[in-house]
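With numbering that gives the first Met the number 0 as the guide, the letters of the sequence shown map in order to residues 0 to 299.
To start, the structure itself, in structure tokens.
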Amino acid sequence: MPRRLATTSLPLLLALAPLPLLAQGRDSASAAPRAAECPSCAEWNAPHDPFRIHGNSYYVGTHGLGAILITSPAGHVLIDGGLPESAPRIAASVRALGFRVEDIRLILNSHAHWDHAGGIAELQRASDATVAATAWSARVLEQGRSVPGDPQYSIALAYPAVRDVRVVADGDTLRVGPIVLTAHVTAGHTPGGTSWSWRSCEGDRCLDLVYADSQTPVSADDFQFTRNDSYPSALQDFARGLAALEGMRCDVLLTPHPGASRLWERVAAGTLVDGEACRRYAAAARQAVARRAAAEARRP
């Protein structure tokens with residue numbers, strides 16, 4: 000069963016036995032979705048060179064799926080693990096930056112779908128890191144498959160199960176050495192969706208970074224956000240989460256799908272810093288949720 004994580008600290012002295020690194024070309028073949036099941040997965044998993052975002056924060060994901068590494072001498076934090084077949088690429092990006100996968104102490108998740116949590120189990124095995132998530136997400140991660148209440152339940156693909164997930168709640172702070180992250184429950188896309196905020200400094204310039212969870216009302220055809228028994232608070236959860244994102248200190252916005260925050264356009268333009276990005280992201284999501292609710296109201 001998921002275990003509740005202490006609110007203000009995370010044990011740092013994990014017993015790390017030497018573990019083999021992930022093979023660079025290895026796929027989790029039994030869990031990797033077939034092209035017919037996930038036509039976007041090949042594009043999402045296209046490689047991308049890792050790079051520094053600011054200070055001790057780095058992008059280590061693929062071109063279509065975000066993964067963030069936050070580093071310190073006491074150990075590192077990784078947010079999201081992409082697809083099952085993304086794990087070797089994320090590990091290779093960590094190494095390419097000069098860091099060790101084995102030094103990752105904590106792995107976090109935005110939401111427990113196969114395209115953002117699929118690689119976590121393999122990355123956990125390679126690092127022996129603690130994995131932390133909200134209670135709903137912890138249940139899904141430990142099963143490796145979605146459960147009723149997920150708007151995408153009937154179409155969500157399975158992925159390798161994660162062991163011993165520790166539970167965090169809204170507002171909890173997690174620490175690895177000098178790294179301090181705050182969990183913000185921003186549900187709606189899934190009942191356990193979580194955004195993460197932290198501060199990274201480069202010299203005397205410190206920025207507030209936010210990894211904002213997906214806020215899109217995407218679902219299987221048999222799910223309606225306005226009337227369903229499995230997730231009756233979906234619209235209220237969207238509203239609460241979007242209000243939270245609007246109120247965050249947010250110098251740099253990052254998202255599980257980089258395209259949702261126009262990351263590559265911003266990188267090309269050299270304009271990663273944008274104090275209004277979180278508010279715009281929330282405003283666009285609020286409009287999308289309203290359109291979805293209106294469309295459902297017109298259904299018979």
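We put the beta carbon where it would ideally sit given N, CA and C, even for glycine.
Contact between the segment 126 to 145 and the segment 200 to 210 is absent: fewer than 3 CB-CB pairs across the two stretches fall below 8 Å.
Cα atoms of A276 and H110: separation of roughly 21 Å, rounded to the nearest angstrom. When C-beta atoms of the segment 233 to 253 are compared with those of the segment 202 to 212, three or more pairs fall below 8 Å, so the two segments count as touching.
The segment 158 to 171 makes no contact with the segment 57 to 73: fewer than 3 CB pairs, one atom from each, lie closer than 8 Å. For T254, the closest of A90, V288, V139 and N108 by C-alpha to C-alpha distance is N108. Contact annotation: F224 and A292 have beta-carbon atoms nearer than 8 Å. Contact between the segment 140 to 152 and the segment 90 to 106 is absent, with fewer than three C-beta pairs closer than 8 Å. Within the same chain, Cβ atoms closer than 7 Å to the Cβ of S92 are found at P49 and V59, the five residues on either side in sequence being excluded. The C-beta distance from V175 to A90 rounds to 18 Å, too long to meet the 8 Å contact threshold. Here F50 carries a strand assignment [DSSP, helix/strand/coil]. Assigned with DSSP and collapsed to three states, G258 falls in helix. Taking a 10 Å sphere around the C-beta of A233, we find 16 or more other C-beta atoms and assign the residue as buried.
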